[in-house]
Amino acid sequence: MLRLPHFAVHRPGSVAEGLQILAAAPHARPLAGGTDLLVAMKHGHHTDADLVSLAGLGLSGIERSDSTLTVGAGTSLWDLMRRAWPDALGVVAEAARAVAAPPLQSRATVGGNVCLDTRCWFFNQSAFWRSGRPACLKAGGDRCHVVPGGSDCHAVSQADLPPVLIACGAQAEIAGADGSRDVPVEGLFSGDGRRPHTLSSAELLLRLRIPLPPPGAGAAYEKLRMRRALDFAAASAAVYLERRDGGCARARVVLGGLGTKPLRVPEAEAALEGTELDPRALAEAAEAAVAAARPVKNTDLTPAYRRKMAGVLVRRAALRAWTRAAGEES
Amino acid sequence: MSRYIGQSLPRRDARLKATGEARFTADLSLPFMLHAAVLRSPYPHARIVRLDTSRAERLPGVKAVLTARDTSGVKWGVFRYTRDQEFLAREKVRYVGEEVAAVAAESEDIAREALELIEVEYEILPAVFDPLSAVADDAPRIHDHAERNINIHVPIHVGDVDRAFDECDYVHTERTVSEEESYFMTEPYAVLAHCDRQGTVEVWMPNASPHTKAKGLANALGLPVSKVHVRHVSVGGAFGGRSDMFPGEYIAARLSQMTQRPVKLVYTREENSIAVRQGHSMVVESTFGFKRDGTLHAVDVTAYMDGGAYSSTGPIATSVPFLCFEQTYRVPNVRYNGYRVYTNKPIRGMIRTHGRAWACNVDMQLDLAAAALGLDPVEIRRRNAVRTGDTTPTQSKIFKMDSLATIKAVAEASRFREKWGKLPKWRGIGIGCVSVMSGFPMGIRGGSAAMVKFDEDAGVTVISGVVDNGQGNENVVLQIAAEALGVAPGAIQLVASDTEVTPIDQGAYSQATTLCSGNAVRLACEDARRQIFEIASDMLEAAEEDLELEDGKVFVRGSPSRAVPLRNVIRMGLLKGKNVIGHGSFGPNVDQTREWIKNPKGQLAAAFSYGSAVVEVEVDPETGFVRVLDAWVAHDCGKAINPKEVEGQMEGGLAMGGHGGILLEACKWHEGANLNPDFLGYKVPLAPDMPPIHPFIVESEDPFGPFGAKEGGLSISMCTAQAYSNAIANAIGTHIREFPHTPDRVLEAIEKRAVTGDP
Ligand SMILES: Cc1cc2nc3c(=O)[nH]c(=O)nc-3n(C[C@H](O)[C@H](O)[C@H](O)COP(=O)(O)OP(=O)(O)OC[C@H]3O[C@@H](n4cnc5c(N)ncnc54)[C@H](O)[C@@H]3O)c2cc1C
Ligand code: SF4
Numbered sequence: 293m294l295r296l297p298h299f300a301v302h303r304p305g306s307v308a309e310g311l312q313i314l315a316a317a318p319h320a321r322p323l324a325g326g327t328d329l330l331v332a333m334k335h336g337h338h339t340d341a342d343l344v345s346l347a348g349l350g351l352s353g354i355e356r357s358d359s360t361l362t363v364g365a366g367t368s369l370w371d372l373m374r375r376a377w378p379d380a381l382g383v384v385a386e387a388a389r390a391v392a393a394p395p396l397q398s399r400a401t402v403g404g405n406v407c408l409d410t411r412c413w414f415f416n417q418s419a420f421w422r423s424g425r426p427a428c429l430k431a432g433g434d435r436c437h438v439v440p441g442g443s444d445c446h447a448v449s450q451a452d453l454p455p456v457l458i459a460c461g462a463q464a465e466i467a468g469a470d471g472s473r474d475v476p477v478e479g480l481f482s483g484d485g486r487r488p489h490t491l492s493s494a495e496l497l498l499r500l501r502i503p504l505p506p507p508g509a510g511a512a513y514e515k516l517r518m519r520r521a522l523d524f525a526a527a528s529a530a531v532y533l534e535r536r537d538g539g540c541a542r543a544r545v546v547l548g549g550l551g552t553k554p555l556r557v558p559e560a561e562a563a564l565e566g567t568e569l570d571p572r573a574l575a576e577a578a579e580a581a582v583a584a585a586r587p588v589k590n591t592d593l594t595p596a597y598r599r600k601m602a603g604v605l606v607r608r609a610a611l612r613a614w615t616r617a618a619g620e621e622s
Numbered sequence: 144m145s146r147y148i149g150q151s152l153p154r155r156d157a158r159l160k161a162t163g164e165a166r167f168t169a170d171l172s173l174p175f176m177l178h179a180a181v182l183r184s185p186y187p188h189a190r191i192v193r194l195d196t197s198r199a200e201r202l203p204g205v206k207a208v209l210t211a212r213d214t215s216g217v218k219w220g221v222f223r224y225t226r227d228q229e230f231l232a233r234e235k236v237r238y239v240g241e242e243v244a245a246v247a248a249e250s251e252d253i254a255r256e257a258l259e260l261i262e263v264e265y266e267i268l269p270a271v272f273d274p275l276s277a278v279a280d281d282a283p284r285i286h287d288h289a290e291r292n293i294n295i296h297v298p299i300h301v302g303d304v305d306r307a308f309d310e311c312d313y314v315h316t317e318r319t320v321s322e323e324e325s326y327f328m329t330e331p332y333a334v335l336a337h338c339d340r341q342g343t344v345e346v347w348m349p350n351a352s353p354h355t356k357a358k359g360l361a362n363a364l365g366l367p368v369s370k371v372h373v374r375h376v377s378v379g380g381a382f383g384g385r386s387d388m389f390p391g392e393y394i395a396a397r398l399s400q401m402t403q404r405p406v407k408l409v410y411t412r413e414e415n416s417i418a419v420r421q422g423h424s425m426v427v428e429s430t431f432g433f434k435r436d437g438t439l440h441a442v443d444v445t446a447y448m449d450g451g452a453y454s455s456t457g458p459i460a461t462s463v464p465f466l467c468f469e470q471t472y473r474v475p476n477v478r479y480n481g482y483r484v485y486t487n488k489p490i491r492g493m494i495r496t497h498g499r500a501w502a503c504n505v506d507m508q509l510d511l512a513a514a515a516l517g518l519d520p521v522e523i524r525r526r527n528a529v530r531t532g533d534t535t536p537t538q539s540k541i542f543k544m545d546s547l548a549t550i551k552a553v554a555e556a557s558r559f560r561e562k563w564g565k566l567p568k569w570r571g572i573g574i575g576c577v578s579v580m581s582g583f584p585m586g587i588r589g590g591s592a593a594m595v596k597f598d599e600d601a602g603v604t605v606i607s608g609v610v611d612n613g614q615g616n617e618n619v620v621l622q623i624a625a626e627a628l629g630v631a632p633g634a635i636q637l638v639a640s641d642t643e644v645t646p647i648d649q650g651a652y653s654q655a656t657t658l659c660s661g662n663a664v665r666l667a668c669e670d671a672r673r674q675i676f677e678i679a680s681d682m683l684e685a686a687e688e689d690l691e692l693e694d695g696k697v698f699v700r701g702s703p704s705r706a707v708p709l710r711n712v713i714r715m716g717l718l719k720g721k722n723v724i725g726h727g728s729f730g731p732n733v734d735q736t737r738e739w740i741k742n743p744k745g746q747l748a749a750a751f752s753y754g755s756a757v758v759e760v761e762v763d764p765e766t767g768f769v770r771v772l773d774a775w776v777a778h779d780c781g782k783a784i785n786p787k788e789v790e791g792q793m794e795g796g797l798a799m800g801g802h803g804g805i806l807l808e809a810c811k812w813h814e815g816a817n818l819n820p821d822f823l824g825y826k827v828p829l830a831p832d833m834p835p836i837h838p839f840i841v842e843s844e845d846p847f848g849p850f851g852a853k854e855g856g857l858s859i860s861m862c863t864a865q866a867y868s869n870a871i872a873n874a875i876g877t878h879i880r881e882f883p884h885t886p887d888r889v890l891e892a893i894e895k896r897a898v899t900g901d902p
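Chains as they are written, first to last, in the numbering used here: chain E, 293 to 622; chain Y, 144 to 902.
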C-alpha cells in the first residue's frame, strides 16, 4: 500500500477558528471527506500540508426556502443523492450518483467535489512514477509532458457536480478573513490547470445556494466514462432549460471533463434559446460544444473522440432536459 | 452413486474470506520481523554508473541494504536456455520498475526513507517499446545475447502450407494488434521470509506453484531444496501471473539471511502492476485458407509478442496461443512463427486469455470465411471443430472432448440461427470457441502425489501439494477425497501447498490441478480404502471385494447391518501395526520429449477442454459504447466436481477475457512508463458492469480425469473474447482489428465503414 506522509491535523470547532488556522499556517489545507486529498498525499503531493478538518464546522445539511435550496459544503454525496429534490433540481442528485461508487459517495462531500483538483495522467501518479521525468508545471516544474513546449497546464476538471451547479445557476458562499461573499459557482474556477480554483488558500467554501427553478424548467446531466461502475468523466455535459409557451426561454450549457475548468458554452445556449429544440438547433448547440471542448491526451479515450462526444452529450442532455421541462410546464 | 462429486457444496474457504478471517501474506507477522522496501529503476533503459548505499546503511533502524553486489549472480529463467534475469540489476536496468536495491528496516517508513538515501547515477540509454521497432536493425540492443532483440522464436510447420493455399477456394489475410493486459489480482504481491539459525528459509507468498517457487529460490540462494520451505497461505488471485519466480521472494529471503530476522515485503498496487508480470501485447498476421464447403485447409500465422525486458515463461507464452488454436479447429496444413521480442517494458508472463489479438484473429477469420462461403458462424465452427479421436497438427491425440455439445448448447440457448442477420440495427450476435489443455509436459515437476492418513478416531487428513489461488482447488480435492472415502468433505483436514510436508505437485499451472492433483488424491484415498478393507475383511469375515465404505462405516455390500465403524478398523490397524496411510501418485499421459522450441510435437496434455460462447450486444452508434444484453457460455469440463465452482470460473472468465479483455482493459504507456498501474486507471470490470450470463456445463466424462473431470472454466475466458469481438462486428458491420474495442475505436470503425462502405 502507498503510505501517507506524516502530517498534522487541526480540528477547529467553528468556521472562524478554521479560517484563523488557514490564515496562520502556511501549508494548511482543508480536509473534507479526504477521498481525493489523501490519495494525492499518498502520491507524494502536498507532503508538507497541515490538514484542517472541516468535520466540526457544522457545514453539513440541506435547507429549502421559498426561493433557494442551500446545501452545506460538508454534506455527503450520499445524503445529496437520497434527498427529495424539487424536480428540476433532481439533476443535482443525478450528478452525485455519477460520482465514483457508493463507498466513496458516503465519505465524499459536496465541497470537496466542487473544490476537486484537476487531474492528469502525469500528475495523479506515485512519487516513484513521477521520479522518472522532470517535474511538470502542476507539480512545480517547468514543463508539461502532455503538451510539450507550452507554459500552460492542461490538467482536466473532471468533477461531476460543478457543471450541474453552474447550469442550475448556483451561488457559492465563500468565507475568508474579511467575512463571507457569494460568487457564482462559475466564478470559482480559474481555468489554470495548476491552481484550478479562485479561492485563496485562506478561504473556505461554506455552502451552495441553488435558486429554485421556475415552472417549466428542466435539467439533465450526461456523463461519459469508460467503465460505468466507477470512473471519472472522460466528457460530460449539463444542460438546464426553461420552457415557456412551448419554446426555450433560457438555456445553460456546461461541459465537464473537457478542459481545465467546467466550460460554459454560450454559443450552444444561444443556439437553443428561442427555439423548440428542433434538430437544427440541437445540431448547432452540439457543434458549438464541440468547438468549445479542449481535451488533451491526459485521461481515458482519445482527445478527438472526447471532443466529438461533447456534441453528442449536449444534444442528449438538452433533449432529456427538454422532456423534463415539458413535464414541469403546467 | 456420487454423493459428493457433482454437488455444489459450499467452499471451505468461503466463510473465512467473507468474514476477513482468511490470512493473506500481508496479514502475517512474526516476532522481530523487519520490513523491506525495494528501490526500482525510474528509467526504461539505463546503465548503472554509480550505486552508493552508505547513507541508507547509516540511517537508524536500517538493518540491511541489498544490491547486486551481495548476490551470487544466479540468473532466473523458467528454462535452462532462458536464464537472463538477475534479481537485482547489476550493470543495466531494462525497464521502469526493475529492482536496483532493497532495504530491511525496523518499519516500513524507515525502509522507504532509506530508499531515498540510496544514490544511483544512471546513464540513460536509448530504449525501445514495441516489438516491431525492437526487431529493426538499428534498434537498441537490450541483451547482448539477443540479436534484433529476438528472445524466443517458436517455429511450427506441419503439412505443405504453400501448396495447400493453392488448393483453397477462399484465402484471406488479417492483421490484428492488442495492447497488454494486466492481472489486477485482488491481493498485491507480498512475501514474508524467515531464515533461521540453521539456515532454513521459510517463505509465505501468493503463488501458483509452491514447489516451483521452492526450487527456484533454492537455486538462487545456493541451498538444497530441503532448506527452503514455501508455506501455505491464502492467495488472492493469480490468473497466470504468479507462476514463475520473482525478485521479491529472493530479496526478502536474502535480507532475512543477512539479518537473521524475518523480513516482510509488501508491494504497492503499482509495484504489483509493473514488477510482477503483465500479459503480452501482440501483432498477429494470419492467412487462412478454406475449401468451398467451409473446411479450414491451411493456416499461416506470424505473431510478434512484446515480451518486455526478460524471458520469464517466454517459450510457453509464445506457444500457447497457437496450441489453443490447433486444439480448437482442425487444420491439416499449418505454419506458425511466434516471435517473443525483448523491449524496455515490464516482464510479460502467462495470462488467462492467451493473446486476444491471436484468439480473436482466428474467430474473425472464421466469420469472414463463413460470410464469403455462404455459411453461418455456427455451421462453420461445427464443420471445423476438433473432436474426440482427432490428432492435432503437433501430434496430440484428443481422447475425449465434446466440442459440438458446447457449440450446440450456446447456439440453441441463444437462438443464434434465428437471430443471425435478423437483429435490429446496431444489435449483433457473435460466437467464439476455444480448447484449452489440462497440463503440459513439465518434466519432473509435471505430476502430483498425495497421502491420506487417519487419526485414531478415524479423522482424515489429506496431504497434497495442491495450491488454491482462489479458484477453489482445495475444495476440488476435498470433494474427490470425500467421494473416494465416503466421508463428508467438512470432516477432512487438508494439508496443502506446504513444500516441507507435501509431495511435489505441478501447481495451479497449465490447468492441470484437477487432473493431476485430483487424481493423486483419488489414488491415495483408493489406496487407503484398500488397506481399510484388508483390515475390515477379517473383522467382518467377508471378502475385501464385497466391502463398502460410506458414512464412516465399513459394511458388506447388500447387508448393511454387517458393519463396523471406520474408527474401529483404524484402531484395529494400529493394534496390528498396520497404520493406514494411503499413497497416490499421478503423472499425466504426456510426451516428455516434447519441447517448446526444439521439438514442438508429441502428446501435449492428457486432456483438453472445450468452450463456446455466444454474446448478444447493442452498440450505441453515436458513442461507440457496447452494451452486452446476454451471454451464453458452455464448457466441457469433463465432469463438474463442484458445479458452482465451475460456473464461478466461467463467469470470472467472461469478466476477464470477454468483458474486460474486449471492452475495457489495456495498459497505457508513456515512454515505457505504465500510465495506469492503478485500479482507477486500469479498467477491470466491476460487478455492476457485468451482463447476465447463462452458463452450461457439458460433461464428456474424461477417461483420465478423476471421476471424469478436467480443466474447469479457462476456455471461457478466451472464447468469450472471441464472441464479444464478433458480436460487435456483427452489430456495426465491420471487424475491429485493435484490441480492446474501446468506444473510441468502435466509433472510428463505424465512421470508417460509413465512408468506405467496407462490408
Ligand atoms: C476511486 C475514485 C473515484 C472517483 N470518482 C469520481 C467521479 O467519478 N467524479 C468525481 O467528481 N469525483 C470522483 N472522485 C473524487 C472524489 O472522491 C470526489 O470528487 C469527492 O466529492 C471529493 O470530496 P471529498 O470531501 O472527499 O474531498 P477532499 O478529498 O477532502 O478534498 C478535495 C479538495 O477540496 C478541498 N476542499 C474540500 N472541502 C473544501 C471546502 N469546504 N472549502 C475549500 N476547499 C475544500 C480540499 O482541500 C482538497 O483540495 C473519485 C475518487 C476516487 C478515489
Ligand atoms: S497537463 Fe502537463 S503540466 Fe498539467 S499536470 Fe499534466 S503534465 Fe503536468
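Idealized CB from N, CA, C, for every residue including glycine.
| Asked | Found |
| --- | --- |
| What do you get for Y/Gln-341, buried or exposed, if any count of 16 or more other CB atoms within 10 angstroms of its CB means buried? | exposed |
| Are the C-beta atoms of Y/Tyr-238 and some chain E residue less than 7 Å apart? | no |
| Are the beta-carbon atoms belonging to Y/Lys-182 and Y/Val-236 less than 7 Å from one another? | Just to set this straight, residue 182 of chain Y is Leu in the shown sequence, not Lys. No, the pair does not count as a contact, with Cβ atoms beyond the cut-off. |
| Determine, for E/Ala-575, whether the minimum Cβ-Cβ distance to residues of chain Y falls below 7 Å. | no |
| Tell me whether Y/Pro-902 is buried or exposed, calling it buried when 16 or more other Cβ atoms sit within 10 Å of its Cβ. | Low confidence applies here, because Y/Pro-902 scores a pLDDT of 45, under 50, leaving its location unreliable; read the following figure in that light. Classification for Y/Pro-902: exposed. |
| Buried or exposed: E/Pro-440, going by 16 or more other Cβ atoms within 10 Å of its Cβ? | exposed |
| Check the Cβ-Cβ distances between Y/Thr-329 and every residue of chain E, and say whether any is below 7 Å. | no |
| Considering Cα atoms alone, identify which of Y/Asp-506, Y/Ala-270, Y/Gly-379 is closest to Y/Gly-575. | Y/Asp-506 |
| At a threshold of 6 Å, does E/Val-384 count as lining ligand 1 (C-beta to nearest heavy atom)? | no |
| Would you verify that the beta carbon of Y/Ala-816 is, or is not, closer than 7 Å to some beta carbon of chain E? | yes |
| Just how far apart, CA to CA, sit Y/Val-898 and Y/Glu-891? | 11 Å |
| Helix, strand or coil: which one does DSSP assign to E/Thr-639? | The question about residue 639 of chain E has no answer here: the residues shown for chain E are numbered 293 through 622. |
| Can you tell which of Y/Met-176, Y/Arg-525, Y/Arg-306 has its C-alpha closest to the C-alpha of Y/Tyr-753? | Y/Arg-525 |
| Which first and last residues belong to the alpha helix (DSSP H) in which Y/Glu-626 is found? | 616-628 |
| Among the residues of its own chain, which have a CB less than 6 Å from the CB of Y/Trp-775, if the five just before and after it don't count? | Val-553, Ala-556, Ser-557, Val-757, His-837 |
| Would you mind reading off the limits of the alpha helix (DSSP H) that contains Y/Asp-305? | 304-309 |
| Give me, in chain order, the residues of the same chain whose beta-carbon lies closer than 7 Å to that of Y/Pro-567; leave out the 5 immediate sequence neighbours on both sides. | none |
| Hey, how far is the Cα of Y/Glu-814 from the Cα of Y/Phe-272? | 7 Å |
| Are Y/Thr-461 and Y/Asp-443 touching if we call contact CB-CB under 7 Å? | no |
| For ligand 2, is there a heavy atom less than 6 Å away from the beta-carbon of Y/Ala-816? | no |
| Does the contact criterion of 3 or more C-beta pairs under 8 Å hold for the stretch 595-612 of chain E versus the stretch 578-586 of chain Y? | no |
| DSSP three-state label for Y/Cys-576, please. | strand |
| Cutting at 7 Å between CB atoms, please list the residues of its own chain near Y/Ala-351, excluding the five before and the five after it. | Ala-381, Arg-385, Ser-386, Val-610, Asn-612, Gly-650, Ala-651, Tyr-652 |
| Could you say if the stretch 527-540 of chain E and the stretch 561-576 of chain E meet the contact criterion of at least three C-beta pairs nearer than 8 Å? | yes |
| Measuring only the C-alpha atoms, how far is Y/Ile-724 from Y/Phe-751? | 32 Å |
| Taking CB distances under 7 Å as the criterion, tell me whether Y/Lys-826 reaches chain E. | yes |
| Would you grab the beta carbon distance between Y/Val-205 and Y/Val-246 for me? Rounded to a whole angstrom, and I think it's under 8 Å. | 6 Å |
| For E/His-319, collect the residues of the same chain with a Cβ closer than 8 Å to its Cβ; drop the 5 residues on either side in sequence, then sort them by chain order. | His-338, Asp-340, Ala-341, Asp-342 |
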